[in-house]
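As numbered in the numbering used here, residues 65 to 229 make up the sequence shown, in order.
Encoded as structure tokens, the structure appears first; notes follow it.
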Amino acid sequence: MDRKNKPLGDLSTNFWKKEFRCPCQKCRRKKVRVSNLLLFKLEMLRVALGNKPVIILSGNRCPEENKRIDGHPNSAHIPKPDGEGADIKVKGIKPIDAGLAAEKIGGLRIGIAKWGTHLDIRPPSPSRFWIYLGKKPIYSAKIENESLLKFYQIIKGKEGEKTDD
Ligand SMILES: [Zn+2]
Ligand SMILES: [Zn+2]
């Protein structure tokens, strides 16, 4: 293996357990569990975005922490047994553009928010895409599951001047 491709992180080449750890006190010494498939897709995303660091805003969450931050009760962030979701941001990349790059990679559910992009490897339920307006996610209808961009434009069009990015 040449030196350039040597794994650096303790989860995968560019990702570390500490980035994915549930932030609550109770989980300080708990094992961090992240799906290898999710890590692989995050590595692909990093490459797709020109090798810019993908910053993990939220990885694992225990059910208590998930409840505290008002996450979906069946959130992909809760390890079962592995965490299958991550909230990410990439410096200089809009959440929608990170989402569109993730869509090209495929096999991901994608949520677009102002703070960044939610990605997980769960099957579509109720849909593949959603957009957070404030805390509330607006899910794409079945027919709009084909294109994140199309769905995004529909929601943005309805929102009009109310959203400002
Ligand atoms: Zn916790
Ligand atoms: Zn999330």
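For each residue, glycine too, the CB sits at the ideal point set by N, CA and C.
Exercise. What are the boundary residues of the beta strand (DSSP E) that Asp184 is part of?
Worked result: Thr181 to Asp184
Problem set entry | Neighbourhood of Lys116 by C-beta, 8 Å cutoff - its chain only, sequence neighbours within 5 removed | Arg110, Val154, Lys155, Gly156 and Ile157
Exercise. So does Arg93 have its beta carbon nearer than 8 Å to some heavy atom of ligand 1?
Worked result: no
Exercise. Taking 8 Å as the cut-off, does the CB of Glu167 come closer than this to any heavy atom belonging to ligand 1?
Worked result: no
For this session: From the DSSP output, read off the bridge partner residues of Ile176.
Result: Thr181 and Ile195
Exercise. How many angstroms separate the CA atom of Asn130 from the CA atom of Asn100?
Worked result: 22 Å
Exercise. Over what stretch of residues does the alpha helix (DSSP H) that includes Leu102 continue unbroken?
Worked result: Asn100 to Ala112
Problem set entry | Outcome for Thr181 when other beta-carbon atoms lying within 10 angstroms are tallied against a minimum of 16 | buried
For this session: State whether the region 125–143 contacts the region 74–81, with contact taken as three or more CB pairs (one from each stretch) at a distance under 8 Å.
Result: no
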